[in-house]
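Each residue of the sequence shown is one higher than the one before, counting from 1 in UniProt numbering. All residues carry an ideal CB built from backbone N, CA and C; glycine is no exception. Everything below concerns the one structure shown next.
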Amino acid sequence: MVYIWARRNPYVRLNFLGLIVFSAPYLPWVLLLFSMTLNGKVPQGDALGIFVGHIYYFFEDVWPRDPLSHGKKWLSTPRLFRWLIEGNQNDDLDITHEDNTPNQPHEEEVAAVEEER
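Below you can see the structure in the form of C-alpha coordinates.
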(Lines of atoms letter the chains of each structure in order from A; the text may use other names.)
(Lines give C-alpha, C1' and ligand atoms only; values in the text may rest on other atoms or scores of the structure.)
Protein backbone atom coordinates (compact mmCIF):
# COMPACT_ATOMS: atom_id res chain seq x y z
CA MET A 1 0.00 0.00 0.00
CA VAL A 2 2.83 2.39 0.84
CA TYR A 3 4.59 1.70 -2.46
CA ILE A 4 1.44 2.23 -4.52
CA TRP A 5 0.52 5.44 -2.69
CA ALA A 6 4.07 6.71 -3.07
CA ARG A 7 4.14 6.03 -6.81
CA ARG A 8 0.74 7.59 -7.43
CA ASN A 9 1.68 10.79 -5.55
CA PRO A 10 5.10 11.69 -6.95
CA TYR A 11 4.95 15.40 -6.11
CA VAL A 12 4.17 15.05 -2.39
CA ARG A 13 7.06 16.18 -0.20
CA LEU A 14 7.65 14.24 3.02
CA ASN A 15 9.73 14.91 6.11
CA PHE A 16 11.07 11.84 7.93
CA LEU A 17 11.73 12.35 11.66
CA GLY A 18 12.59 15.98 11.00
CA LEU A 19 15.90 14.89 9.45
CA ILE A 20 15.34 14.21 5.76
CA VAL A 21 13.02 15.84 3.23
CA PHE A 22 12.23 13.74 0.15
CA SER A 23 9.49 13.17 -2.41
CA ALA A 24 6.90 10.42 -1.98
CA PRO A 25 8.32 7.84 -4.42
CA TYR A 26 11.30 7.40 -2.09
CA LEU A 27 9.17 6.64 1.00
CA PRO A 28 9.32 2.82 0.76
CA TRP A 29 13.09 2.95 0.38
CA VAL A 30 13.48 5.35 3.31
CA LEU A 31 11.37 3.06 5.49
CA LEU A 32 13.41 0.05 4.33
CA LEU A 33 16.68 1.79 5.24
CA PHE A 34 15.25 2.88 8.60
CA SER A 35 14.21 -0.70 9.39
CA MET A 36 17.66 -1.92 8.34
CA THR A 37 19.26 0.65 10.64
CA LEU A 38 17.16 -0.43 13.61
CA ASN A 39 17.36 -4.20 13.07
CA GLY A 40 20.81 -4.57 11.53
CA LYS A 41 19.50 -6.84 8.77
CA VAL A 42 17.34 -6.53 5.66
CA PRO A 43 13.64 -6.66 6.65
CA GLN A 44 12.21 -9.31 4.36
CA GLY A 45 8.63 -8.10 4.80
CA ASP A 46 9.48 -4.57 3.68
CA ALA A 47 11.50 -5.83 0.72
CA LEU A 48 8.71 -8.20 -0.32
CA GLY A 49 6.17 -5.34 0.00
CA ILE A 50 8.26 -3.17 -2.33
CA PHE A 51 8.58 -6.01 -4.83
CA VAL A 52 4.88 -6.90 -4.85
CA GLY A 53 3.89 -3.21 -4.85
CA HIS A 54 6.09 -2.60 -7.87
CA ILE A 55 4.56 -5.53 -9.77
CA TYR A 56 1.04 -4.32 -8.94
CA TYR A 57 1.85 -0.70 -9.84
CA PHE A 58 3.36 -1.75 -13.16
CA PHE A 59 0.42 -3.92 -14.27
CA GLU A 60 -2.26 -1.56 -12.94
CA ASP A 61 -0.89 1.89 -13.85
CA VAL A 62 1.99 1.59 -16.32
CA TRP A 63 1.21 -1.37 -18.61
CA PRO A 64 -2.34 -0.32 -19.64
CA ARG A 65 -0.92 2.98 -20.98
CA ASP A 66 1.69 1.24 -23.12
CA PRO A 67 0.70 0.98 -26.80
CA LEU A 68 1.66 -2.71 -26.89
CA SER A 69 -0.92 -3.55 -24.21
CA HIS A 70 -3.87 -2.13 -26.22
CA GLY A 71 -5.27 -0.84 -22.90
CA LYS A 72 -5.69 -4.35 -21.43
CA LYS A 73 -5.42 -4.69 -17.66
CA TRP A 74 -4.07 -8.04 -16.55
CA LEU A 75 -5.03 -7.60 -12.92
CA SER A 76 -8.79 -7.38 -13.26
CA THR A 77 -11.13 -8.71 -10.59
CA PRO A 78 -12.26 -12.28 -11.35
CA ARG A 79 -15.83 -12.57 -12.63
CA LEU A 80 -16.80 -14.83 -9.73
CA PHE A 81 -15.96 -12.12 -7.19
CA ARG A 82 -17.76 -9.46 -9.23
CA TRP A 83 -20.82 -11.70 -9.45
CA LEU A 84 -20.74 -12.43 -5.71
CA ILE A 85 -20.58 -8.73 -4.86
CA GLU A 86 -22.49 -7.01 -7.66
CA GLY A 87 -24.69 -9.82 -8.95
CA ASN A 88 -26.54 -10.46 -5.70
CA GLN A 89 -27.70 -6.90 -5.20
CA ASN A 90 -31.47 -6.52 -5.05
CA ASP A 91 -32.38 -3.57 -7.29
CA ASP A 92 -36.05 -3.62 -6.22
CA LEU A 93 -35.23 -2.73 -2.62
CA ASP A 94 -35.81 0.99 -2.07
CA ILE A 95 -35.46 2.21 1.49
CA THR A 96 -35.92 5.89 0.70
CA HIS A 97 -39.64 6.49 0.35
CA GLU A 98 -40.77 10.08 0.31
CA ASP A 99 -43.77 9.36 2.53
CA ASN A 100 -41.59 7.85 5.29
CA THR A 101 -39.28 10.77 5.84
CA PRO A 102 -39.44 11.98 9.46
CA ASN A 103 -39.63 15.70 8.61
CA GLN A 104 -42.79 15.43 6.51
CA PRO A 105 -46.07 14.53 8.25
CA HIS A 106 -48.33 11.93 6.67
CA GLU A 107 -51.44 13.13 4.86
CA GLU A 108 -53.69 11.57 7.50
CA GLU A 109 -51.95 13.53 10.27
CA VAL A 110 -52.32 16.80 8.35
CA ALA A 111 -56.02 16.10 7.72
CA ALA A 112 -56.62 15.26 11.41
CA VAL A 113 -54.97 18.50 12.58
CA GLU A 114 -56.99 20.55 10.10
CA GLU A 115 -60.26 18.91 11.26
CA GLU A 116 -59.51 19.80 14.88
CA ARG A 117 -59.27 23.50 13.98
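- Judged by DSSP in its simplified three-state form, residue 27 adopts helix.
- Only buried fits residue 3, as 16 or more other CB atoms lie within 10 angstroms of its CB.
- A straight-line Cα-Cα distance of about 6 Å links residue 12 and residue 23.
- Exposure of residue 61 is indicated by the presence of fewer than 16 other C-beta atoms within 10 angstroms of its C-beta.
- For residue 17, the closest alpha carbon among the candidates 67, 73, 34 and 77 is that of 34.
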